[in-house]
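Asks:
In this note's numbering, the protein residues as written are 79 to 587.
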């Protein structure tokens with residue numbers, strides 16, 4: 079992110095009183111925005127980008143809920159429990175032991191300091207209201223104002239969409255979505271009454287409103303991948319409709335985004351892994367990747383980045399007390415899939431003398447973070463796979479396989495046979511398998527997919543529950559249940575009695 083945009087802008091007169099501690103935002107900096115340009119620069123604050131559903135050590139318990147991760151007995155007993163790990167909530171999530179985090183402590187996903195969704199909302203809502211209040215805008219200001227407001231509304235809608243599915247139940251298109259989940263805060267004025275919780279359905283409708291309102295004024299290209307371009311906004315809409323099961327809309331928006339970005343030349347937005355090489359072949363764990371296509375492979379503005387959001391980047395590494403699951407590893411063609419070659423590397427696993435000693439020996443860990451920067455936003459490969467999924471689910475199987483083979487051309491060794499269309503379920507399964515291989519091991523994407531797939535009972539890609547094995551013990555969490563719903567902490571609830579949610583009195587440790 080451009081250094082000159084990293085300053086934190088705070089509006090004058092923002093008074094954070096105790097009755098509004100649900101935001102838990104503490105103002106920093108002294109520069110007061112007054113112009114459209116000032117407000118526009120607020121969108122480049124690192125707090126709106128880098129801490130996307132992460133804990134205080136840049137990891138995430140959400141990663142540990144999914145079927146992409148496993149934890150060994152040594153990591154569990156020594157690394158988490160005996161060591162009194164400050165992020166033991168990750169382990170509690172992995173064994174579905176609730177509450178996952180201390181209800182009486184700050185929630186880093188919600189809002190703590192500059193971290194969390196409601197901390198981001200401070201910026202987005204101030205941009206929208208602040209720009210609307212700037213008087214006597216010039217012609218140039220009018221264009222910048224429309225673009226900045228659109229980017230703020232898209233970012234706001236996208237964040238609330240994710241929060242709704244993390245703190246609420248599975249969204250059921252056409253079903254009962256009346257469970258209250260989160261407050262959809264749109265005002266930066268902390269003297270206004272606290273909004274009530276919106277239901278899951280209401281949040282979805284408000285998100286759609288924000289995204290639709292933003293689309294016309296989103297810029298064709300963004301100054302940095304943390305901002306929402308036109309293609310990124312269209313991708314948000316395509317992703318949104320994966321959850322509403324309006325797959326014709328998935329195709330429509332994904333096609334708009336892909337054709338405007340890649341056109342007839344996918345190499346503009348895809349790296350050819352056949353051209354990759356190591357900077358240090360003698361040490362693959364620490365080695366970076368080089369490509370003749372450009373020098374930005376391991377940066378947030380590499381050619382595949384469509385929308386950057388920070389992520390649990392070290393999920394699946396021994397040093398972070400986890401590994402990629404055996405199920406995930408088995409999904410890869412270890413001979414021909416170059417993602418496996420460059421990201422999944424055998425190295426010494428977890429070893430300690432604590433608890434009588436544990437040694438995991440040589441294990442496969444995920445090293446994608448220091449090879450190509452992952453994101454909890456969107457990449458162009460994910461966009462292409464969304465279009466492929468939309469095609470498959472609307473029974474346009476030839477088009478779905480064509481998209482799938484386009485991506486595989488850039489990911490598999492040259493000469494690997496292309497896929498051929500089969501039945502509709504076979505094509506959907508092939509697309510979703512490729513999606514799982516392409517997306518990061520950690521972060522929120524697999525969690526979100528599990529929640530939308532749970533509705534398709536009987537389909538091979540649908541799971542009703544996730545089972546984790548730690549040592550000789552087995553732990554099972556049901557996806558359409560409280561096991562996959564995060565709880566609003568007491569530090570928020572006690573200031574909002576009108577929500578009628580009792581304080582969580584369960585012991586944490």
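Built from N, CA and C at the ideal position, the CB exists for glycine as well.
Extract the residue ranges of the beta strand (DSSP E) inside the segment 479-552, only unbroken runs of 3 or more that lie entirely within it.
Replies: Runs of the beta strand (DSSP E) inside the segment 479-552: 543-548.
Asks: Rounded to whole angstroms, what's the CA-CA distance from residue 292 to residue 382? Just pull it up for me.
Replies: Answer to the nearest angstrom: the Cα atoms are 23 Å apart.
Asks: Taking the alpha carbon of residue 307 as the reference point, which residue from 327, 335, 288 has its own alpha carbon closest?
Replies: Nearest option by C-alpha distance: 335.
Asks: Use the C-beta contact count for residue 560: other C-beta atoms within 10 angstroms, 16 or more gives buried, fewer gives exposed.
Replies: Residue 560 is exposed by the Cβ-count criterion.
Asks: Would you identify the three-state DSSP class for residue 468, choosing helix, strand or coil?
Replies: Here residue 468 sits in helix by DSSP.
Asks: What residue range is occupied by the uninterrupted alpha helix (DSSP H) comprising residue 321?
Replies: Start and end: 308-322.
Asks: If we ignore side chains and look at the alpha-carbon of each, how far apart do residue 265 and residue 566 end up?
Replies: Cα to Cα, the separation comes out at about 21 Å.
Asks: Which of the three DSSP states, helix, strand or coil, is assigned to residue 105?
Replies: Low local confidence applies: a pLDDT of 42 at residue 105 is under 50, so the model's placement there is unreliable, with the coordinate-based value given in what follows. Here residue 105 sits in coil by DSSP.
Asks: Select from 125, 539, 522 the residue whose C-alpha is nearest the C-alpha of residue 509.
Replies: Taking only the C-alpha atoms, the option nearest residue 509 is 539.
Asks: Once DSSP output is grouped into helix, strand and coil, what is the label at residue 598?
Replies: Only positions 79 to 587 of the chain appear in the structure, and residue 598 is not among them; the question remains open.
Asks: Check this for me: beta carbons of residue 74 and residue 205, under 7 Å apart or not?
Replies: Here the chain covers residues 79 to 587 and nothing more, so residue 74 does not appear.
Asks: For residue 183, count neighbouring C-beta atoms within 10 Å of its own C-beta (all shown protein chains included) and say buried if the count is 16 or more, exposed if not.
Replies: Looking at its Cβ environment, which holds fewer than 16 other Cβ atoms inside 10 Å, residue 183 is exposed.
Asks: Is the segment 163-181 touching the segment 125-145, taking contact as three or more C-beta pairs under 8 Å?
Replies: The segment 163-181, when compared against the segment 125-145, does touch it at the 8 Å Cβ threshold.
Asks: With respect to the beta strand (DSSP E) encompassing residue 442, which residues constitute its N-terminal and C-terminal limits?
Replies: That run of the beta strand (DSSP E) goes 440-444.
Asks: Using DSSP with H/G/I as helix, E/B as strand and the rest coil, what is residue 220?
Replies: Note: residue 220 maps to helix in three-state DSSP.
Asks: Distance, Cα to Cα, residue 181 vs residue 531?
Replies: Those two C-alpha atoms are separated by around 29 Å.
Asks: Distance check for residue 333 and residue 469, CA to CA, integer angstroms please.
Replies: Distance between the alpha carbons of residue 469 and residue 333 is about 10 Å.
Asks: By Cβ distance below 8 Å, which residues in the same chain neighbour residue 448 in space, the five residues on each side in sequence not counted?
Replies: Contacts found: 364, 366, 376.
Asks: Shortest alpha-carbon distance to residue 372 belongs to which of 385, 355, 386?
Replies: Considering only alpha carbons, the answer is 355.
Asks: Run through the segment 156-238 for me and flag every whole alpha helix (DSSP H) of 4 or more residues, listed as ranges in chain order.
Replies: Runs found: 167-172, 195-211.
Asks: Could you check if residue 125 is buried or exposed, using at least 16 other CB atoms within 10 Å of its CB as the buried criterion?
Replies: Per the 10 Å Cβ criterion, buried.
Asks: May I ask you to report which of helix, strand or coil DSSP gives residue 337?
Replies: Note: residue 337 maps to helix in three-state DSSP.
Asks: With three or more C-beta pairs closer than 8 Å as the rule, is the segment 212-223 touching the segment 259-276?
Replies: With a cut-off of 8 Å, the segment 212-223 and the segment 259-276 do not count as touching, because too few Cβ pairs lie within range.
Asks: Spell out the partners DSSP gives residue 148 in its beta bridges.
Replies: DSSP output for residue 148 lists 401 as bridge partner(s).
Asks: How about residue 228 and residue 122: are their beta carbons less than 7 Å apart?
Replies: Result no, Cβ atoms of residue 228 and residue 122 do not sit closer than 7 Å.
Asks: On the CB-based measure, 16 or more other CB atoms within 10 Å of its CB, does residue 491 come out buried or exposed?
Replies: It is exposed - the Cβ of residue 491 has fewer than 16 other Cβ atoms within 10 Å.
Asks: For residue 424, which residues does DSSP report across the bridge?
Replies: BP columns for residue 424 point to 442.
Asks: Leaving aside the five residues before and after residue 476 along the sequence, list all residues of the same chain whose C-beta is less than 8 Å from its C-beta, in chain order.
Replies: Taken in chain order, the residues that qualify are 499.
Asks: Do the CB positions of residue 488 and residue 441 come within less than 7 Å of each other?
Replies: No; because the gap between Cβ atoms is not below 7 Å, this pair is not in contact.
Asks: Based on Cα-Cα distance, which residue from 309, 324, 328, 362 lies nearest to residue 337?
Replies: Ranking the options by Cα distance to residue 337, first place goes to 309.
Asks: Report the rounded CA-to-CA distance for residue 494 versus residue 483, giving the unit in angstroms.
Replies: So the two alpha carbons sit approximately 10 Å from each other.
Asks: Note down, in chain order, each residue of its chain lying with its Cβ closer than 6 Å to the Cβ of residue 279, except the 5 sequence neighbours on either side.
Replies: Around residue 279: 255.
Asks: What is the DSSP secondary structure of residue 356, counted as helix, strand or coil?
Replies: In this structure, residue 356 counts as strand in the three-state DSSP scheme.
Asks: On the criterion of 16 or more Cβ atoms from any shown chain inside 10 Å, does residue 432 qualify as buried, or is it exposed?
Replies: Exposed is the call here.
Asks: Please identify the residue among 521, 471, 481 whose C-alpha is closest to the C-alpha of residue 503.
Replies: For the residues 521, 471, 481, the minimum Cα distance to residue 503 belongs to 471.
Asks: For residue 456, does the three-state DSSP call read helix, strand or coil?
Replies: Reduced to three states, the DSSP call for residue 456 is strand.
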